[in-house]
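Colleague:
In the working numbering, the protein residues as written are 111 to 269.
Below, the structure written as C-alpha cells:
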C-alpha cells in the first residue's frame, strides 16, 4: 500500500508541475482561429449580400417583361397602336384605346438601372407586331437580368 501511495503522490506532483504549461491556448493559436473566423465572416457577408439583391432584381425584371407582354397582347386585341417609353429609372406605358389614352408609370427601385440602345427609347407596338426588336438589361450592382423583345412580340426574360 505504501508503494501505491508513493507512486500516486509522485504522479500528482508531476501533474501539478505540467498543468500550467498544458492548460489553455497559446496566443498564436487564438490569433489563427480569429483570422480564420474573420475570413469566413467576410466571405459569407459578400455571398449573402448578393443573395438579397437577386430576388428583388428578378421581381422587377419579371414586372418589366410582363408590361412588354401585356402591351403586345393589348395591341393585337384592340387593333390600336401602343407605345412604351423607356428611361434608365422608369418604364412609361401609354395605353391607347378607341376612347383615349392612359399613362402608367413603373418606377424602378433605387440602385436599379435599365440599359437599352439609345435609338430604342420609345417602343412602338402595332397589331401586326413590334416595329423593332430590343434587348434590355436591368442591373443592380454586379447582378443583371436580360429582357429580349423579338420582332414577333415574344418576350424572353433571364437572370
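Ideal Cβ placement from N, Cα and C applies to all residues, glycine included. Since the model is a prediction, treat every value here as computed from it, not as a measurement.
1. Rounded to the nearest angstrom, what separates residue 236 and residue 148 at their Cα positions?
2. Please classify residue 263: is it buried, with 16 or more other beta-carbons within 10 angstroms of its beta-carbon, or exposed?
3. Bridge partners for residue 208 per DSSP, in chain order?
4. Can you give me the C-alpha to C-alpha distance between residue 184 and residue 154, rounded to a whole angstrom?
5. Out of 249, 238, 254 and 242, which has the shortest C-alpha to C-alpha gap to residue 260?
6. Pick helix, strand or coil for residue 238, following the three-state DSSP scheme.
7. Measuring only the C-alpha atoms, how far is residue 171 from residue 255?
8. Between the alpha carbons of residue 224 and residue 257, how many angstroms are there, rounded?
9. Would you mind working out which of 205, 220 and 219 sits nearest residue 213, comparing C-alpha positions?
Modeller: Taking the coordinates as given:
1. 58 Å
2. buried
3. Paired residue(s): none; residue 208 is not in a bridge.
4. 46 Å
5. 242
6. coil
7. Those two C-alpha atoms are separated by around 7 Å.
8. 10 Å
9. 205
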